[in-house]
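Per numbering that gives the first Met the number 0: the sequence shown = residues 0 to 246.
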Amino acid sequence: MALIEVTGLKKSFGTNEVLKQISFSMNKNEVVAIIGPSGSGKSTLLRSLVNLEQIDGGSVQIDNDFLVKDGVYAKPAEIKEVTSKMGMVFQHFNLFPHLTVKQNLEMAPSLRKTESASEIEKRSKDLLQKVGLSEKANAYPSNLSGGQKQRVAIARALMLNPDILLFDEPTSALDPELTGEVLKVMKDLAEESMTMIVVTHEMGFAREVADRVVFMDGGEIIESNNPSEFFSNPQHDRTKLFLQKNL
Ligand code: ADP
Ligand code: MG
0 MALIEVTGLK KSFGTNEVLK QISFSMNKNE VVAIIGPSGS GKSTLLRSLV
50 NLEQIDGGSV QIDNDFLVKD GVYAKPAEIK EVTSKMGMVF QHFNLFPHLT
100 VKQNLEMAPS LRKTESASEI EKRSKDLLQK VGLSEKANAY PSNLSGGQKQ
150 RVAIARALML NPDILLFDEP TSALDPELTG EVLKVMKDLA EESMTMIVVT
200 HEMGFAREVA DRVVFMDGGE IIESNNPSEF FSNPQHDRTK LFLQKNL
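Here it is as structure tokens:
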């Protein structure tokens with residue numbers, strides 16, 4: 000059974016139909032890269048999965064539980080349960096500026112109250128080490144580079160032990176020389192079999208790290224394939240055109 004199963008997802012902003020009957024599924028341990036032109040609905044799709052956007056129709060099922068079934072949302076407690084399985088990393092990091100790095104990591108798990116303070120502290124220490132930022136535990140976000148901020152954001156998302164990590168253009172706001180350190184952390188996660196959806200313009204990352212590449216245009220999934228087929232043998236004219244412009 001798929002870990003994420005989306006069927007007939009529809010979403011409009013006013014009269015602008017942004018997602019047109021999207022159907023999509025992915026398995027545990029898969030890494031899916033979503034690419035496509037600006038405005039094609041990539042962010043709205045990710046945001047719909049984590050309930051940051053309300054959809055107008057269709058179904059979203061995560062790990063066999065419905066977030067939305069045929070356009071009807073689950074009850075609040077179920078929504079909370081379903082969305083707690085996913086962590087999201089945003090283009091602009093969204094760190095809390097008034098909290099230190101360590102506090103950024105520990106805040107959500109502390110509020111959840113399912114672990115002791117010392118357990119939380121141990122995990123934040125381990126995760127900061129994992130993303131190479133042990134020495135920045137007590138720094139504030141304003142004193143970090145963009146690449147460091149994004150690595151903190153990834154560690155913070157991991158603090159909630161998500162089954163699935165969603166990334167929305169995690170390197171698009173970074174200076175080019177800082178993208179590598181973030182992509183490296185993401186590649187390490189992929190190698191540890193983390194299930195990930197990555198919206199990205201980094202074609203090299205999509206080719207190397209993703210198990211599958213999904214191309215969106217105009218609110219639709221135009222095609223989806225393994226990276227070697229996708230890049231060497233795109234099927235649709237819109238995909239070919241996009242790749243001509245972006246490779
Ligand atoms: P992408 O991430 O592929 O660039 P988005 O999902 O951000 O695309 O946007 C898809 C379309 O939805 C665009 O036309 C965008 O202007 C519109 N849109 C996105 N968010 C909103 C919003 N909050 N209100 C109105 N329109 C929106
Ligand atoms: Mg976007």
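Glycine included, every Cβ here is placed at the ideal spot set by N, Cα and C.
Close beta carbons around residue i, own chain, < 8 Å, minus the five adjacent residues each side
{"i": "M85", "result": "L48, V49, I61, P161, D162, I163, L164 and L165"}
{"i": "L173", "result": "G145, G146, Q149 and V181"}
{"i": "M185", "result": "I153, F166, P169, M195, V197, F204 and V208"}
{"i": "K27", "result": "L2, D162 and T194"}
{"i": "N245", "result": "I34, H200 and M202"}
{"i": "L159", "result": "S83, G86, A107, P108 and R111"}
Whole-number beta carbon distance between residue j and residue i, since they are thought to touch under 8 Å
{"i": "D216", "j": "S39", "result": "5 Å"}
{"i": "V30", "j": "V213", "result": "At roughly 11 Å, the Cβ-Cβ gap does not stay under 8 Å, so V30 and V213 are not in contact."}
{"i": "P96", "j": "S141", "result": "6 Å"}
{"i": "I220", "j": "F12", "result": "So it is not a contact: roughly 19 Å between Cβ atoms."}
From the options, residue whose alpha carbon lies closest to that of residue i
{"i": "Q90", "options": "T199, D236 and L242", "result": "T199"}
{"i": "M25", "options": "S11, V17 and T6", "result": "T6"}
{"i": "V81", "options": "F92, N93, V71 and V67", "result": "V67"}
{"i": "L127", "options": "R155, S37, L240 and M87", "result": "R155"}
{"i": "A73", "options": "Q53, M87 and V88", "result": "Q53"}
{"i": "K9", "options": "I78, R46, E222 and T99", "result": "R46"}
Nonlocal neighbours in the same chain, by C-beta distance under 6 Å from residue i, ignoring five residues either side
{"i": "V197", "result": "A32 and F166"}
{"i": "S171", "result": "Q90"}
{"i": "D64", "result": "V81"}
Check: residue i C-beta below 7 Å from any heavy atom of ligand 1
{"i": "F12", "result": "yes"}
{"i": "V197", "result": "no"}
{"i": "V17", "result": "yes"}
{"i": "G35", "result": "yes"}
{"i": "G38", "result": "yes"}
Any non-hydrogen atom of ligand 2 closer than 7 Å to residue i Cβ
{"i": "K41", "result": "yes"}
{"i": "E168", "result": "yes"}
Residues near residue i in its chain [Cβ-Cβ closer than 7 Å; skip 5 each side]
{"i": "P175", "result": "none"}
Q. Can you find at least 3 beta carbon pairs, one from the region 111 to 123 and one from the region 190 to 206, that sit closer than 8 Å?
A. Contact between the region 111 to 123 and the region 190 to 206 is absent, because fewer than three Cβ pairs lie under 8 Å.
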